[in-house]
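One structure below.
Residue numbers (the numbering used here), protein chains in the order written: chain U, 190 to 451; chain E, 59 to 206.
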């Protein structure tokens, strides 16, 4: 389509030569509010790309599903160098096996925007999933060669919500079609936010079993934190913040054995 | 500190132009996360387990993995949650391999595959790119993770 050609990236500044095509741009998901989501699409580097599946990658937050994470330091074809002056190839890029679509979502994250500022104050799971479904339907119109292609969703962290919620929306949307254009086959999530209660119990257990907190903190957190109440008690907050502020130390909680960023 | 590299790169006008981003052309402070959204998040599903049950019943291929050095959404959190799906074990717990090293551990249930990635933090492909890639290849192929 014409817009597909306009979205074609000739080359990114400081990029090494590559064999695969890449595209980026905006898809409007709500005209009245002026909400548009930014995507970056890197086709498969192995041939035949037209036989490879389509994978949508979402990061978490909520509010951090930007191209800073998945695209730039995890599964994308490029990594950014220290000074931000150039990018270099990622040997284990997932676009070796699939056509990877990165989405900055919801509006307000990264380059994705809304012309209605109140949208930034009432975002949530439901509208994020709905906008993502609309994005996909309209993106497929722009890239019709990907209609009916095996499609998977992948993500991590709070995308443990985004991914299954979008999968459910697609599943429900497809019920109205005998030959759905979004050919959803499955999803994969990592370190995924799954269940508030069990996640919390498991998190505190990890902190104790990995000797990050004292027995005393462990016992008082389990005593005062109910984990399924809307609002946590003051004693629970006190126990949690003591453990995190006075017992963890200056570690990178996202990777407890590697140096923290000073 | 890799996140800082992105803050530098994506705020460059030439990069935004090449990406067809920020089409308004105003000086744009691109950030990796939106604090406004995080602080004002409106609705959040308390548990995804009912959604998992529905999508397992719909026959989707579902994989859940966990980097085992993350303490923010740690492997024990995921195991406690998945445990409450009460799934039937199809392939019992075993170490999967990447090269001649244990890449992690995995157990295959009816409807869902769980796998850990050894030595990886929250962003698994950042800390263990090769193991993450093997995980992804196995997922796409619909095959169990390599046993050697």
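We put the CB at the ideal spot given by N, CA and C, even for glycine.
Contacts with chain U at 8 Å (Cβ-Cβ) do not include residue 167/E.
Secondary structure at residue 373/U: strand, using DSSP grouped into helix, strand and coil. Looking only at 101/E, 187/E, 117/E, 119/E, the smallest Cα-Cα distance to residue 285/U is reached by 187/E. Assigned with DSSP and collapsed to three states, residue 119/E falls in strand.
Every unbroken stretch of the beta strand (DSSP E) spanning 3 or more residues and falling wholly within the region 367-425 of chain U is given here in chain order: 372-379. Residue contact check for residue 121/E against chain U: a CB pair falls below 8 Å.
Assigned with DSSP and collapsed to three states, residue 184/E falls in helix. Cβ-Cβ distances below 8 Å link residue 130/E to 180 in the same chain, with the five nearest sequence neighbours on each side left out; the list follows chain order. Between residue 204/E and chain U, the shortest Cβ-Cβ separation is not below 8 Å. For residue 356/U, same chain residues with a beta-carbon under 7 Å away, outside a window of 5 residues either side, are 342, 373, 376 in chain order.
Within the same chain, 382 come within 8 Å of residue 388/U by CB-CB distance, once the 5 residues on both sides are set aside. Residue-level contact by beta carbon fails for residue 176/E and chain U, as no gap is shorter than 8 Å. Runs of beta strand (DSSP E) with 3 or more residues, each lying fully within the region 276-327 of chain U, are found at 276-278, 288-293, listed in chain order. Per DSSP, residue 141/E is one residue of the alpha helix (DSSP H) stretching across 133-141. Cβ-Cβ separation between residue 293/U and residue 256/U: approximately 6 Å, consistent with a contact (criterion under 8 Å).
Between the alpha carbons of residue 76/E and residue 210/U lies a gap of roughly 14 Å. Judged by DSSP secondary structure, residue 273/U falls outside any alpha helix (DSSP H); it is assigned neither H nor E. In the structure shown, residue 159/E falls within a strand segment according to DSSP collapsed to helix, strand and coil. Note on residue 134/E: 16 or more other CB atoms within 10 angstroms of its CB, so buried under the neighbour-count rule. For residue 67/E, a Cβ of chain U is located within less than 8 Å of the residue's own Cβ. Ranked by how close their Cα comes to the Cα of residue 295/U, the residues 288/U, 277/U, 310/U have 310/U in first place. Residue contact with chain E for residue 348/U: absent (no Cβ-Cβ distance below 8 Å to any residue of chain E).
In this structure, residue 106/E keeps its C-beta atom at 8 Å or more from the C-beta atom of residue 223/U. Of the candidates 400/U, 317/U, 279/U, the residue whose Cα lies closest to the Cα of residue 445/U is 400/U. Scanning its chain for C-beta atoms nearer than 6 Å, with the 5 sequence neighbours on each side dropped, one finds around residue 121/E the residues 171, 197, in chain order.
For residue 323/U, the closest Cβ of chain E is not nearer than 8 Å.
Taking C-beta separations shorter than 6 Å and ignoring five residues to either side along the sequence, the partners of residue 174/E in its chain run 124, 126, 133, 162, 163, following chain order. Residue 327/U has its alpha-carbon roughly 34 Å from the corresponding atom of residue 136/E.
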